[in-house]
Amino acid sequence: MKIILSYLFFLYSLAGFCQQQPVSWKLTATKTGADSYTLLLEGKLKEGWQMYAESGESTGLEELKLQWEHTGVKAEETKWLSDVTGYTDPLFDNKVLKVYANPIILQQDIRIIGSIPEKFVVKITGFASRGNEFLPIQETIEVLLEGGIAESQKKRMNINLDQPVADCGEKVSTSDNSLWAVFGKGFLGGLIALLMPCIFPMLPVTVSFFMNRAASKRQGVRNGFLYGAFIFGIYVLASIPFHIAGTVNPQLFNIIATDKWVNIVFFAVFLLFALSLFGIFELKLPGANSTDKRSSSGSITGIFFMALTLAIVSFSCTGPILGFLLVNTISETNGAWALTTGMAGFGLALALPFGLFAMFPQWMKKLPKSGGWMVTLKKSLAFVELALALKFLSNADLVEHWGILKREVFIAIWLLITVALAAYLLNIQWLLRYGKFNVTRGRLLFGALSLTFAAYLVPGLTESKYANLKWVSGFPPPLSYSVYGKNNVHGKGVEPEVVNDYEKAVAIAKEKGKPLLVDFTGWACVNCRKMEENVWTRPEIKTLIDSHFVLVSLYVDDRKKLEDGSTMGERWASFQSNNFGSASQPQYVLLSPDEELLNHPVGYTATSEYQEWLECGMEAYKNSKKIVQR
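Listed below in structure tokens is the structure:
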């Protein structure tokens, strides 16, 4: 009966809940580490009020609790710094109830995994009473966290690319350029892209297609002209949506190049090319099943789709270059027209060699007419296409962290492909069947080269110091993506102190009093791996970075989801383009612990120049410290 009466009193007291706040709360947060904080909650009770603690009795009076909705929070056991007293209450059958002394003080140590939020929100629940009045406590309070996202973002916006401490590195110009200058940049970018590994191998494939299609020289010239024109037109048309939308996203092509499904499609396309070159089936262009009946419409459609395939497949290598072109047009006064002009230059640079190659396929036909070498060349290219196809599957695996193509697995497959190519070139099948070694000098030469390359790949399967295959760096997964585990990194390269946590890196830099080396990188970035495996492994570079800098690697293609629905990679890509004027990787930035730009950011750089850049930034930091001390 007394329990029922107590609940009636409780219901009666609810009527005055809106007019009464029996506890006033104060929450503070003290930063104790790069990602850890101590929360101190203090509650002052009004006169006559008390708040219940855990008593172990079944009374329906909830004890004081703290809750938070933030993910990735690891909390230590709550420390109660105020006394707890017990008493018997006749309303609850003389059960022993426990209440806190006034003021209520508790301490909670937390560690936040991932990004530090601007504010930390705490929900307080419990019961308070005064005489026969019972009130449920439900309050939400928030506290600012030092080093949270908003504070760091404000500091980032103060970075001035035009006025670093030292004038060394690659200065990013913020002035407007003429359309001709933008066109020149695009054309130069197209020429560079032409030499990329996922574009250059397409040249012989293109030639073989047009050799088979051209019934006459006139038709070959026409098809070649159309092919080049379509390549040019596709890149120009790619800028039209930006005219409509009125905005330019510099990460568009990078997103395409690192998307898992796009890379799987690329893998399938190259696999089809390889199987076709092996002679397993004949790969025909769309609309080319009957060239006699559809010579006008079908062939043009087929050529267009062939040009479109080239443009799409090449995104994995051209994405960083196009991203740089896009980010350089954001500040142009001509807006989207500057982008169109740059894309036109880029498309023209790609279209000219492909168009000329396609227009004059007889250059290939003028080679010696012995049918054997043509079959050998065709099947040798099939092995190359097969090896290149694996790179796209590796990109998807790296971005999604599936773990199916670790570095040693990738190299082992390449090793098998290379040995198979050598066996084909050396005609091992003939030797086993007839017991005679029947091979031409050309096949012997390239077979020996294939075996040499296979031998070069073997150390890549081990944990030895020779596992770093510098000649092919950028193609296999990084050294850290290993079956031996990340801690068994062979090659003794530089390991980042922090990955994907800029705020934590800044905190560490302040604690150690060292400048910050920000590495904008990507899981599928070829040039990033080349820098890590060819430059960072040099003793002089490794010593500089390990001894004098705090290295943080930010992956712009990381697909980890954040609370706001975006990805980790999108966050760092926006950070890079908005504050450092680039969408290309790698990009290296030197900042003081107070986030002052020490020198101009650089990208893919030779060892000697990179060393000079690091030393320049280190000297700039020392000089800035002397000025502050004065």
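Under numbering that gives the first Met the number 0, think of the first position of the sequence shown as 0, with each following residue one higher. By construction, the Cβ of each residue, glycine as well, lies at the ideal position given by its N, Cα and C atoms.
Going by beta carbons, Y609 and V534 fall inside the 8 angstroms limit.
Fully enclosed beta strand (DSSP E) runs of no fewer than 3 residues occupy 22-30, 35-44, 49-52, 64-66, 72-74 of the region 14-84, in order along the chain. Secondary structure of K405 (DSSP, three-state): coil. Shown here for L460: same chain residues with a beta carbon closer than 8 angstroms to its own, the five before and five after excluded, namely E407, I410, A411, L414, A466 in chain order. The Cβ atoms of K94 and T87 lie closer than 8 angstroms to each other.
In this chain, the alpha helix (DSSP H) harbouring L270 covers 259-276. Rounded to whole angstroms, the separation of the alpha carbons of L271 and G183 is 36 angstroms.
Taking the C-beta atoms as reference points, A100 is found nearer than 8 angstroms to S81. In the DSSP assignment, L105 is bridged to L40, W79. Between the region 511-523 and the region 445-462, the count of Cβ pairs shorter than 8 angstroms is below three; the stretches do not touch. Residue pairing by DSSP puts I111 in a beta bridge opposite V72.
Contact annotation: A504 and D556 have beta-carbon atoms that are not nearer than 8 angstroms. The residues N598, H599, in chain order, have a CB closer than 8 angstroms to that of D166 in the same chain once the five nearest residues on each side in sequence are set aside. Ranking T375, E384, G521 by CA distance to the CA of R440 puts T375 first. Contact check for L225 and I302: beta-carbon distance about 5 angstroms, within the 8 angstroms limit, so the pair qualifies. Two segments are said to touch when three or more pairs of C-beta atoms, one from each, lie closer than 8 angstroms; by this definition the region 122-136 does not touch the region 576-595.
Within a 10 Å sphere around the beta-carbon of K390 sit 16 or more other beta-carbons, which makes this residue buried.
In this model, F574 and V398 are separated by some 19 angstroms (Cα to Cα). Nearest neighbour of T536 by Cα position, chosen from S479, A506, K511, turns out to be S479. When the beta-carbon positions are compared, F353 and G227 come within less than 8 angstroms of each other. According to the DSSP assignment, A165 belongs to no beta strand (DSSP E), since it is labelled neither H nor E. Boundaries around T124 are those of the beta strand (DSSP E), 118-129, since no alpha helix (DSSP H) includes it. Between S35 and I109, the beta carbon gap of about 7 angstroms places them in contact (Cβ cut-off 8 angstroms). The beta carbons of G125 and Y51 sit about 6 angstroms from each other, so the pair counts as a contact at 8 angstroms. If you compare the alpha carbons of K43, T340, L60 with that of F91, the shortest gap goes to L60. A273 is a Cβ neighbour of E384, given a cutoff of 8 angstroms.
Annotation: E496 to V264 spans about 35 angstroms, alpha carbon to alpha carbon.
Assignment of D518 by DSSP, reduced to helix, strand and coil, places it in the strand class. According to the DSSP assignment, K94 belongs to no alpha helix (DSSP H) but to the beta strand (DSSP E) extending over 94-99. The beta carbon of L392 sits closer than 6 angstroms to those of F266, all from its chain and outside the five residues before and after it, given in chain order. For the options L355, G189, N394, L387, the alpha carbon positioned closest to that of W260 is the one of N394. DSSP places E462 in no alpha helix (DSSP H); its state is neither H nor E.
In terms of Cβ geometry, P102 and E62 do not form a close pair [threshold 8 angstroms].
The C-alpha of V268 is placed about 11 angstroms away from the C-alpha of L387.
If you compare the alpha carbons of K464, L38, A422 with that of L444, the shortest gap goes to A422.
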